[in-house]
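Residue -10 is where the sequence shown starts when you use the working numbering, and the numbers rise one by one after that.
All C-beta atoms, glycine included, are put in the ideal place defined by N, C-alpha and C.
Please read all numbers here as calculations on a predicted model, not as lab measurements.
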Amino acid sequence: MKISELSPDLRPTSGDPQPLRLLLDDLESLVREIESLSSDDLSSPATLAAGIRRYLSRLSSFGPLPDSAKLLLWKFAFRLWNACVDLSNAASLLPFSSDDDRRRRIDNAEIRHAAADILLLAGTPAGVPSASLKSASFFHRTGLIWHDLGRLDLAAGCFERATDLVSGAGRIAGDEDERRRLVLDLNLARSRTAWEASDRILAIALLNRSKTLVAGSPAVFPALAEQYLQFGKLELSKKPSDDALNASDLLAEALDLCEKGIAAASGGSAAEALALRNLKERCLRFMAAERLQADDYEGVLRCVRVLRAASVAKKEGEHPSVGYVALRAWIGAGRIAEAEKELKALVANKEAAEGVIVSAAEAYLAAAPSEAAREVVAALAGRCRAGAAAAVRLVKRVIDGGGGAGRARAVAELASDERVVSVFDVAPNERNAMHALLWNSGAEHFRSKNYEISGELFERSLLYVPRDEENRSRRSNCFRVLALCHLALSQLDRAQEFIDQANKLEPNIKCAFLKFKIHLQKKDEREAIKQMQAMVNCIDFNPEFLTLSAHEAMACKSTPVAIASLLALLNLYFPGNAMPMPEVAVLRNLITLLHRSPEPELEILKYTKRARVRMVELGAESFFGKGAVGSRELNWFAGNSWNMGLKTGKEKKYELCAEFLELAAEFYELAASEDNEANQSIVCKSLIMSVACMLNVEEQKAAPLPDSDIKKANDMLTRASKILPSISSSALVVSDQTVENSTLLFVHTYFSYQLLNRVDANSHTPQLQLIKSYAASKACTPDHLLQLGLTASQGARPNLDVAEFALKACLSSLLTSPSPEYKLISIALRKLACLAGFHDTDGGKNDPAYDVYKQAQQIIVGLKDGEYPVEEGKWLAMTAWNKSGLAIHLRQTSIARKWMKMGLDLARHLKGMEQYRVGMEECFANFEKLCGGQGREIEGGSCKSQPVLV
């Protein structure tokens, strides 16, 4: 509205009060200032708008204004509005930042709002036609600007003020259509504002209120129907939709208005009817989309039939969305053949956008058999300008659709189609995307162990990798993965072909390792070991691959290859070289594997010694590790050495046994530093048993021990002797442990005695002191003394003094026992009796042998039958009787009588001697007759012989 529309020319009258005139003059000066603003002034408009509001506030205090003042205010309002229009037009030509532009628009809206308020204050002066409608129009247009700026509260206020003005305006026949149109615009504007403010109920109520305005005015139908349609579209886009207000109802209202409008416009202009029909078709398309969202496929198809009938009537092509929703409905209804027809028609529709076609094809392929994918993708590749991108999308849809091996094979066939491959020749980005799709799908099937399918997909992915220098690495990677697939399928020759191709493109450690795996699978251990050794020379070699080689060899049950891999890994340990696992772990695994080899003792000993050397060089904590891990490693080596010592000892490989036990002692001694009594005990055992094995080696080889070995054995026994007191004192409570420790002390004494024979020719005295020291200990037992006595009495260098002492000490200990072991007593007596002959140096006058027999007689007298071993008792009786024979030959009557009496007396107290006793008594009687008593010697030929007992 222009100022010239005001009629008549309005100027202030001379009768106005002076304060009002001054106030209006000041207001006019503000208006002039706003009119003089430039479009790039961003600071003044807001201040000026605030000034106008202050003046309006003061003007409102004057009460009813004269018509002259009202007309002048109307003039100011229109001048302000026109100034805002000019500022907006000029600003649209200038480059403003988004923040500055919004600030400018807000200031402009403030001035417009002020102009509308001026009109509201001025009221309806005489001579201004349709003043209320003009004022309402100002508020309506200002509200629209506030709505665009997102100030919904201010917009709603403007629309409500305008609605009040229109409602209160008097109805003039000529202005009725304008008023009705303005009321409709206000209702629609208020409805949109309420909708955006989330007041859906008010928004729909305002639309429903507007239905009364369309009667008899076909031109109004499209605006109201359009608003229903827009709200329906917004509601349709919500997920989930509001149950109280759904898109279906809104779209139905829009459709109903279109049909009523078409009926009302039947006698009107053809343009209005055509616009309503087009709007109706839009409503039907969105109604079909809404029914599709609700899974009402029959409803969708009804909408489609109506739309197609309308297209036939207009002799125009159908909208592409019709075919799309029809395809989706047929798919939902399970009619795949009908959906295929719709897809073909959509592809043939030149107006259909590529995105719509591709989306339809995706929906179709998600439901169609996998065999259909090839033709669909080929058709779209030729139809779409961006055929490569479309092919990628469709292949992704086929892959994402699942379906197992059949769908994956369809993808592989599709990707290998020449028509599809040729599309990607000029689309490098899409080609890379296609390669990635096939690669990822192949990787997924590989992880699921579908190696045949994954191999096909990986092979097809090669079609999308250019054969240039830049992509050599990618092609090599494809060949390597293909080798893995065929390796998993045990197609070893094919795997060999692929890995050779990969190695030609990019020789590296990965190719070398895969070759190693192929040789392993072929059971060609020699070639596998060669390939493993070749890996070390690769440029990108990493010791981790030797660890992997060992694992692979173990998985293939190829122990020699696993051992060779660990040996190669072991050679790489030197200061500063980062390794995948600790050296101690490599040695442990190596020794574990060596156990599976035939006769592995020498190799196990070799690497166990290496572990000891490295332990000494690096320190125990650095080599074995810290804390519980280090303790476990140390105990493993100690236990393995001990077990190998026992094994080789049982196999009589004493030399190896001695070395293993010596190593066990060193490892256990290190472990015993934590005050572990069990470890201290086993250290002692290992040392003593190692010495025992060294002595057995001497006997086995029938060659004396070297002096160095004797010295080492002495040192080991010395170390054991330092441990024995501590473990003996700690085992006083536990009886089993006490017995074991007493045995240890005996064994230590036994082998110390043996070594003394080899150290010094004059070793009898030290040996006797050793045995006396042992006999005085609490750990001494009669059984052990007996063994020591027997040992001392035998061998190349017997020590009879030690033997006699040990046997007598054994006998004394046994006799003082509450329940004597007569078997041991009999053995000790027999041995003492044998040894006594060596001490008879005075011709029998002081016969120690007789003392032994006498002691035996005293022991036997009073025993129950069979309590003393029968055979030993018979031996005593017979040997005592037989000793008299020598005395008779020597004509020693008294000595003969003494032994005959001893034998006869023993025979009388021993079971089993009954058959001998009669003859012995008869012989003794004859002897007495011939000798005539004790004082008479045997004469010349008398009693020359005496029967010998056997």
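For this session: Note down, one range per segment and in chain order, each alpha helix (DSSP H) of at least 4 residues found wholly within the segment 201 to 286.
Result: You should have 210 to 226, 236 to 253, 259 to 282.
Problem set entry | Identity of the residue in Ala785, Gln783, Leu777 nearest Ala798 by Cα | It is Leu777.
Exercise. Unbroken alpha helix (DSSP H) runs of length 4 or more, entirely within the segment 386 to 438: which are they?
Worked result: When DSSP assignments are scanned along the segment 386 to 438, the uninterrupted stretches of alpha helix (DSSP H) that are 4 or more residues long and fall wholly within it turn out to be 393 to 405, 407 to 412, 417 to 436.
Exercise. Counting Cβ pairs, one atom from each stretch, are 3 or more of them under 8 Å apart for the segment 802 to 812 and the segment 780 to 790?
Worked result: Of all C-beta pairs linking the segment 802 to 812 to the segment 780 to 790, fewer than three are shorter than 8 Å, placing the two stretches out of contact.
For this session: Below 8 Å on the Cβ atoms is my guess for Ile346 versus Leu335; work out the distance and round it to an integer in Å.
Result: Taking the Cβ atoms as the reference, Ile346 lies roughly 6 Å from Leu335, within the contact range of under 8 Å.
Exercise. What does a CB cutoff of less than 8 Å around Leu745 pick up in its chain, not counting 5 residues either side in sequence?
Worked result: Taken in chain order, the residues that qualify are Ser752, Pro755, Gln756, Leu759.
For this session: Inspect the beta-carbon positions of His277 and Cys292 and report whether they are closer than 8 Å.
Result: According to the sequence shown, residue 277 is Ala rather than His. Cβ distance < 8 Å, so Ala277 and Cys292 count as in contact.
For this session: May I ask you to report which of helix, strand or coil DSSP gives Pro771?
Result: Helix.
For this session: Please state if the CB of Val672 and the CB of Ile712 are separated by a distance shorter than 8 Å.
Result: Against a cut-off of 8 Å, the Cβ pair of Val672 and Ile712 comes out as a contact.
For this session: Tell me, please, whether the segment 81 to 93 touches the segment 101 to 110 by the rule of three or more beta-carbon pairs shorter than 8 Å.
Result: No, they do not touch.
For this session: Identify whether Arg140 lies in helix, strand or coil by the three-state DSSP scheme.
Result: Coil, per DSSP.
Exercise. Would a C-beta distance cut-off of 8 Å place Ser443 and Cys474 closer than the cut-off?
Worked result: In this structure, Cys474 lies closer than 8 Å to Ser443 by Cβ.
Exercise. Using a Cβ-Cβ cut-off of 8 Å (strictly less than) and excluding sequence neighbours within five positions of Leu481, which residues of its own chain qualify?
Worked result: Apart from the 5 residues on each side of it in sequence, Leu481 sits with its Cβ closer than 8 Å to the Cβ of His475, Ile507, Gln510, Lys511 in its chain, given in chain order.
Exercise. Alpha carbon to alpha carbon, what distance is there between Glu861 and Pro807?
Worked result: Distance between the alpha carbons of Pro807 and Glu861 is about 22 Å.
Problem set entry | Cβ neighbours of Asn492 in the same chain (closer than 7 Å, five flanking residues each side left out) | Counting only Cβ-Cβ distances below 7 Å, and skipping sequence neighbours, we find Cys500.
For this session: Could you tell me which uninterrupted alpha helix (DSSP H) segments, each at least 4 residues in length, are contained entirely in the segment 800 to 884, listed from first to last along the chain?
Result: Listed in chain order, the complete alpha helix (DSSP H) runs (minimum 4 residues) inside the segment 800 to 884 are 811 to 825, 837 to 849, 859 to 878.
Exercise. Of the residues Ala544, Leu561, Val155, Val387, which one's Cα is nearest the Cα of Ser119?
Worked result: The shortest C-alpha separation from Ser119 is found at Val155.
Problem set entry | Simplified DSSP state of Ala765, which is helix, strand or coil | It is coil, neither helix nor strand.
For this session: Pull up the distance between the alpha-carbon of Ala259 and that of Glu248, whole angstroms please.
Result: Going by the C-alpha atoms only, they are around 15 Å apart.
Problem set entry | Boundaries (first-last residue) of the alpha helix (DSSP H) holding Arg601 | Following the DSSP letters along the chain, one finds Arg601 inside the alpha helix (DSSP H) bounded by residues 590 to 607.
For this session: Buried or exposed for Val722, please, with buried defined as at least 16 other CB atoms from any protein chain shown within 10 angstroms of its CB.
Result: Note that Val722 scores a pLDDT of 42, beneath 50, so its modelled location is shaky and nothing firm can be said.
Exercise. Looking only at C-alpha atoms, which of Glu22, Leu45, Tyr44, Arg43 sits nearest to Pro34?
Worked result: For the residues Glu22, Leu45, Tyr44, Arg43, the minimum Cα distance to Pro34 belongs to Glu22.
Problem set entry | Beta-carbon separation (whole angstroms), Leu426 vs Val381, contact threshold 8 Å | Indeed they touch by this definition, with Cβ atoms about 7 Å apart.
Exercise. Is Asp489 buried or exposed, if buried means 16 or more other CB atoms sit within 10 Å of its CB?
Worked result: Exposed: under 16 other Cβ atoms inside 10 Å.
Exercise. So what's Ile528 in DSSP terms, helix, strand or just coil?
Worked result: Coil at Ile528, not helix or strand.
Exercise. Assuming Tyr217 contacts Leu171 under a Cβ cut-off of 8 Å, what Cβ separation, rounded to an integer in Å, is found between them?
Worked result: Contact doesn't hold; Cβ gap of about 20 Å is too wide.
Exercise. Helix, strand or coil: which one does DSSP assign to Cys545?
Worked result: Note: Cys545 maps to coil in three-state DSSP.
For this session: Answer with buried or exposed for Thr113, where buried requires no fewer than 16 other C-beta atoms within 10 angstroms of its C-beta.
Result: Around the beta carbon of Thr113, 16 or more other beta carbons lie within 10 angstroms, which makes this residue buried.
Exercise. Should the segment 815 to 826 be called in touch with the segment 836 to 855, which here means at least 3 C-beta pairs below 8 Å?
Worked result: Result yes; three or more Cβ-Cβ pairs closer than 8 Å.
For this session: Assign Leu803 to one of two classes, buried (16 or more other C-beta atoms within 10 Å of its C-beta) or exposed (fewer than that).
Result: The C-beta of Leu803 has 16 or more other C-beta atoms within 10 Å across all chains shown, which makes the residue buried.
Exercise. Smallest Cα separation from Ser27: which of Asn97, Leu879, Gly638, Ile593?
Worked result: Measuring from the Cα of Ser27, the nearest candidate turns out to be Asn97.
Exercise. In angstroms, rounded to a whole number, what distance separates the CA positions of Leu141 and Lys330?
Worked result: Distance from the CA atom of Leu141 to the CA atom of Lys330, rounded to whole angstroms, is 49 Å.
Exercise. Buried or exposed: which applies to Arg456, given that a residue is buried once 16 or more other Cβ atoms fall within 10 Å of its Cβ?
Worked result: For Arg456, the number of other beta carbons within 10 angstroms of its own is below 16, and it is reported as exposed.
Exercise. I think Leu734 touches Ala768, with their Cβ atoms under 8 Å apart; what is that distance to the nearest whole Å?
Worked result: About 4 Å separates the Cβ atoms of Leu734 and Ala768, confirming a contact at the 8 Å cut-off.
Exercise. Among the residues of its own chain, which have a CB less than 7 Å from the CB of Ala709, if the five just before and after it don't count?
Worked result: Within the same chain, Ala709 has close Cβ partners Cys673, Leu676, Ile677, His737.
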